[in-house]
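Below is one structure, written out as structure tokens, with a few remarks after it.
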Amino acid sequence: MEAKLLMGNEACAEGALAAGIMFFGGYPITPSNEICEILSNRLPPIGGRFIQMEDEIAGMASIVGASIGGLKSMTATSGPGFSLMQENLGFACMAEVPCVIVNVMRGGPSTGLPTQPSQGDVMQARWGTHGDHPIIALCPTSVKEVFDLTITATNLAEKFRTPVILLIDEVIGHMREKVVLPQLESIEIIDREKPTCPPEWYRPFEDNKSGVPLMATFGEGYRYHITGLTHDEMGFPTTKPEEVNALMQRLFRKIRQGFDDILLYEDFLMEDATSVIVAYGSMYRTAKTAVLDLRQEGHKVGLLKLTTIWPFPKIAFENMPNQVEQLFVPEMNMGQLFREVVRVNRGKRLTHKINKVTGELMTPAEIIHEIKRKGV
Amino acid sequence: MIKDIDVYNYLRHEKKFPLMWCAGCGNGIILGSIIRAVDTLGLDKNKIAMVSGIGCSGRSSTYVDFNTLHTTHGRALAFATGLKHANPELTTLVATGDGDCLAIGGNHFIHAARRNIDLTVFLFNNNIYGMTGGQASPTTPPGKIASTARRGNIENNFDPCKLAEAAGASFVARGTTYDADGLDELAIMAIENKGFSVLEIITPCPTIYGRYNRLGDAIAMLRAQCENAISVEESRKMKPEELEDKIITGVFVNKDIPEFCEEYDLLIERAQKE
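Chains as they are written, first to last, in our numbering: chain A, 1 to 376; chain B, 1 to 274.
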């Protein structure tokens, strides 16, 4: 156990190495650059492979190709690059290729605020690529959590054969904190399940109990077809309605069945709370200070931390105590996850949004002010 | 002579035939050449990956019994780069078309060439977007008719071989579907080259390009390939004006320069000694 002073982006690279990421393909963009720079340097000594591609479209394509070639793969970017990655992110969803996409969020839209924090890509993470698809997105709130969740993201990608997005906001990415990294041996690492049957028995996209097909690496003797077209169990294109439906239903089912592993959230001072702040990313830190300050004044305020934002953890609200009357959702955007909070509460609890899009962090005082204005 | 091989050994028997290509399309001839080249080189099917993009050429990967990856439009080379880099023991073939490779995929094409990564590109050039109904492509010559150029194409066209050479490819050649025998030899050389290889193949699209431009049926279009093709060597003795409308075939570039994955392996060795 060694204490280190690490930046969020550095912790992400450390987490990637601890998780067994052996391939990084990407394209430079502020404020994510440290991740690709560190991995370009750290991968070769362990036999890992790095490539700086010609753009983010290619970066995303390269990690999908590398994952099919057998290596755990990752890319890192920010909003404008994330936009370019959507095309092949959709391919990874459809072809069920495990990979991790880190988006260190900056202010948008367009080139926006390259060095300022934002949580503006929440909905893009959910629906950025076209077509119906499930997706997993995680939001760390500290440097240590960046390390932990990079490993979680890699594990979830491998377990569910899906791209996993790590949404870090710029503040977390560039903040330095003292971090005690765990011993590598103590970290749980999950590898994709591979077929063991004779190649002629292999049905590459066959359903099973988990809904996650066994994944053969190219070159291992299981010659098969992978396509972004809607495909049958053998991987070949199909337009037969029953085969199309079976694939679409399975893609959603495999994630739904994994909710116990995937949906990560935490309650804080919830037992007697009548008002609850719902927060993720750096907003959680601000909200936590606000909650503690309000508690000191005698207000019954609690906090719900959403680590997983996609799929949206509805269960966190279903399990919320009945005395909770109102919710506050502070975000560094115009109210993206707020809509989800309203949706899952179905009018049961009054829900307020608190937004800031100036490129600055929201302060605890601002949250406290808004909560008092509404009446705590 | 076209080599007589057991072609069925390389094709997928599961429900994917007949080919989806139109009658008279040259793409099947290209696929035949690729298979014969693989057979001649005695490559293990388990160690071959074919990566393809979108368009008529993109469907090639469905038919062959290799590790096959049918990707997004224009991105075959970017996927193939990741796959090859991660798993360099795979002989990685890329099937792409003039629109796929040179328009939407143009950036990936020049950068893959610049890196000289060991991929073999079969560039199916039919001078048109066939699958989407006949829109003009980057190789549609000026003046030719397309569904988006009814009054004649006003844009200049790429010479894919010159582009590949300028961008740094270590093997560049052009063949035609008329000369399948010659194409087989070029395909073998292209796969054998350790580095980025580009084999442009002129292939007829009688259904769309031929009809728009009144070039006759498939036989007439193949005959035109035969009549217009001249070798690289012959072309060097001719004046530029004599070369108009000619198809220069043969090997333009074949050089031994460092290959990306091998260089990366050396980098790993150096890093591990530090």
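Idealized CB from N, CA, C, for every residue including glycine. Keep in mind the model is a prediction, meaning the values are calculated, not measured.
**Prompt:** Is lysine 84 of chain B closer than 8 Å to aspartate 65 of chain B when the C-beta atoms are compared?
**Reply:** no
**Asked** What are the complete beta strand (DSSP E) segments, minimum 3 residues, inside the stretch 218 to 251 of chain B?
**Response** 229 to 231
**Asked** In chain order, which beta strand (DSSP E) runs of at least 3 residues are fully inside the stretch 180 to 240 of chain A?
**Response** 225 to 227
**Request:** Just tell me which of A:Arg339, A:Ala157 and A:Val341 has its CA closest to the CA of cysteine 93 of chain A.
**Result:** Of the listed residues, the one whose Cα sits closest to cysteine 93 of chain A is A:Ala157.
**Contacting residues, own chain, Cβ-Cβ under 6 Å from isoleucine 189 of chain A (five flanking each side not counted)** = Gly20
**Request:** Flag this pair as yes or no: are the beta carbons of asparagine 355 of chain A and glutamate 331 of chain A separated by less than 8 Å?
**Result:** yes
**Message:** Please report the straight-line C-alpha distance between leucine 243 of chain B and alanine 112 of chain B, rounded to a whole angstrom.
**Reply:** 29 Å
**Request:** Output the boundary residues of the alpha helix (DSSP H) element that contains serine 282 of chain A.
**Result:** 282 to 296
**Asked** Buried or exposed: which applies to glycine 15 of chain A, given that a residue is buried once 16 or more other Cβ atoms fall within 10 Å of its Cβ?
**Response** buried
**Request:** Express the C-alpha separation of glycine 281 of chain A and serine 110 of chain A in angstroms, rounding to a whole number.
**Result:** Rounded to whole angstroms, serine 110 of chain A to glycine 281 of chain A spans 22 Å at the Cα level.
**Asked** Taking Cβ positions, are isoleucine 168 of chain A and proline 140 of chain A nearer each other than 8 Å?
**Response** yes
**Request:** Verify the CB distance criterion: does glutamate 262 of chain B have a CB-CB separation below 8 Å to chain D?
**Result:** Absent from the structure: chain D. Protein chains present are A and B.
**Item:** Per DSSP, the bridge partner or partners of glutamate 177 of chain A
**Value:** Beta-bridge partners of glutamate 177 of chain A (DSSP): A:Leu6.
**Request:** Could you round the C-beta distance between phenylalanine 379 of chain A and alanine 86 of chain B to whole angstroms and report it? I think they count as a contact, below 8 Å.
**Result:** Because residue 379 of chain A is not part of the residues shown, which for chain A are 1 to 376, the question remains open.
**Request:** Taking leucine 71 of chain A as the query, report the chain B residues whose CB atoms sit under 7 Å from its CB, ordered along the chain.
**Result:** Ala86
**Prompt:** Taking DSSP as the reference, what is the three-state secondary structure of asparagine 345 of chain A?
**Reply:** helix
**Asked** Between the stretch 41 to 48 of chain A and the stretch 91 to 101 of chain B, are three or more C-beta pairs nearer than 8 Å?
**Response** The stretch 41 to 48 of chain A makes no contact with the stretch 91 to 101 of chain B; the number of CB pairs closer than 8 Å stays below 3.
**Request:** Jot down the residue ranges of each uninterrupted beta strand (DSSP E) in the stretch 80 to 116 of chain B, minimum 3 residues, whole runs only, in chain order.
**Result:** 91 to 97
**Item:** Range covered by the alpha helix (DSSP H) that runs through threonine 154 of chain A
**Value:** 143 to 160
**Message:** Just list the residues that DSSP pairs alanine 173 of chain B with in beta bridges.
**Reply:** B:Leu199 and B:Val251
**Those residues which DSSP pairs with alanine 76 of chain A across a bridge** = A:Val102
**Request:** Provide the residue span of the beta strand (DSSP E) that contains asparagine 67 of chain B, from first to last.
**Result:** 67 to 70
**Asked** Can you find a CB in chain A that lies within less than 8 Å of the CB of aspartate 65 of chain B?
**Response** yes
**Request:** Please list the residues of the stretch 76 to 102 of chain B that have a C-beta atom closer than 7 Å to any C-beta atom in chain A, keeping them in chain order.
**Result:** Ala78, Phe79, Ala80, Thr81, Gly82, Leu83, His85, Ala86, Asn87, Glu89 and Leu90
**Message:** From the DSSP secondary-structure annotation, give me the bridge partner or partners of tyrosine 129 of chain B.
**Reply:** Partner(s): B:Gln135.
**Prompt:** Is valine 64 of chain A close to chain B, meaning its C-beta is less than 8 Å from at least one C-beta of that chain?
**Reply:** Interface residue, yes.
**Message:** Against isoleucine 248 of chain B, what residues of chain A qualify as contacts under a CB-to-CB distance less than 7 Å, listed in chain order?
**Reply:** What isoleucine 248 of chain B touches in chain A: nothing, since even the nearest Cβ is about 29 Å away.
**Asked** Using a beta-carbon distance below 8 Å, is serine 61 of chain B in contact with chain A?
**Response** yes
**Message:** For cysteine 226 of chain B, count the other beta carbons within 10 Å of its own beta carbon; 16 or more makes it buried, fewer makes it exposed. Which is it?
**Reply:** exposed
**Message:** Pop quiz: aspartate 55 of chain A and leucine 89 of chain A are said to be a contact at Cβ under 8 Å. What is the actual Cβ separation, rounded to whole angstroms?
**Reply:** That belief does not hold up - the Cβ atoms of aspartate 55 of chain A and leucine 89 of chain A are roughly 14 Å apart, past 8 Å.
**Prompt:** Nearest CA to the CA of leucine 304 of chain A: which residue from A:Trp310, A:Ala316 and A:Glu297?
**Reply:** Per the Cα distances, A:Ala316.
**Prompt:** Grouping DSSP H, G and I as helix and E and B as strand, with all else coil, what is methionine 50 of chain B?
**Reply:** strand
**Prompt:** For chain B, is any of its Cβ atoms less than 8 Å away from the one on threonine 227 of chain A?
**Reply:** yes
**Prompt:** Candidates A:Ala246, A:Trp310, A:Asp272 and A:Gln249: which alpha carbon is nearest valine 340 of chain A's?
**Reply:** A quick correction: the sequence has glutamate, not valine, at residue 340 of chain A. If we check each option's Cα against that of glutamate 340 of chain A, A:Trp310 comes out closest.
**Asked** Comparing the C-beta of arginine 223 of chain A with each C-beta of chain B, is any distance below 8 Å?
**Response** yes
**Residues of the stretch 183 to 194 of chain A with Cβ closer than 7 Å to any Cβ of chain B, in chain order** = none
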